[in-house]
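Scroll down for the structure; my scribbles are underneath it.
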Amino acid sequence: MIVAVIADTHLPRGARRIPDACVDRLRAADVILHAGDVTAASVLDELAALGPPVHAVHGNMDATTLRDRLPATLEVDVAGIRIGMTHDAGPRAGREERLVRRFPACAAVVYGHTHEPQVARVGEVWIFNPGSPTERRRSPSHTMLVLDVAGGTIEPELIALS
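First residue of the sequence shown? That's 1025 in the working numbering, and the numbers climb one at a time after it.
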């Protein structure tokens, strides 16, 4: 299964939009994960219209309608692999260990908020932050993640979009 992972889209905002290269990967995926700060419910609806099922958590910047619609944390099963999701606006210090503790049954945890991509392992657990396809902040480029999940393993690929 191909999992497209994004976070921190912060849309709508002026003329900003999700880059075509990101949309193409979202559309081609088997499932889409969004780790918060979608910002508007209409954007979540646009992601859902791309085709693949969308699983999302709310972030600290999301509108009240999204906060009411989306959980703060979520666990999803993708091809037999359990993936935890959160936005995690908490302190940077101890983040990875905190995420592993928060999702003890998960082989991977996806989080957002920092706009800084991360692909790391803490023990046997993958820690993923896709960065942002629309607002890079301190990162060198706009990014997303694509996870190839098969045979009980995850092969992550960080995609630079700009």
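Note that the Cβ used here is the ideal one computed from N, Cα and C, for glycine as well.
Here the structure is a predicted model, which is why all the values come from computation and not from measurement.
Tell me the DSSP secondary structure of alanine 1117 in three-state form. coil
Tell me whether the segment 1107 to 1120 and the segment 1128 to 1145 touch, counting them as touching only if at least three CB pairs, one residue from each stretch, are closer than 8 Å. yes
Alpha carbon to alpha carbon, what distance is there between aspartate 1032 and serine 1165? 14 Å
Host alpha helix (DSSP H) of leucine 1050 (start-end): 1044 to 1052
Serine 1186 burial status per 10 Å Cβ neighbour count (16 or more: buried): exposed
What residue range is occupied by the uninterrupted beta strand (DSSP E) comprising threonine 1097? 1097 to 1102
Which one of Pro1128, Val1143, Gly1155, Ala1144 has the shortest CA to CA distance from serine 1097? Note that residue 1097 corresponds to threonine in the displayed sequence, not to serine. For the residues Pro1128, Val1143, Gly1155, Ala1144, the minimum Cα distance to threonine 1097 belongs to Pro1128.
Nearest candidate by alpha-carbon position, reference leucine 1074, set Leu1090, Pro1095, Ile1056: Ile1056
C-beta atoms of valine 1143 and alanine 1028 nearer than 9 Å: no
9 Å Cβ cutoff met for arginine 1122 and threonine 1138: no
Rounded separation between glutamate 1179 and aspartate 1092 - CA only: 33 Å
With 16 other CB atoms within 10 Å as the buried threshold, where does asparagine 1084 fall? exposed
When you compare each of Ala1065, Ala1059, Met1168 to threonine 1158 by their alpha carbons, which one comes out closest? Met1168
Between which two residues does the alpha helix (DSSP H) carrying alanine 1072 extend? 1065 to 1072
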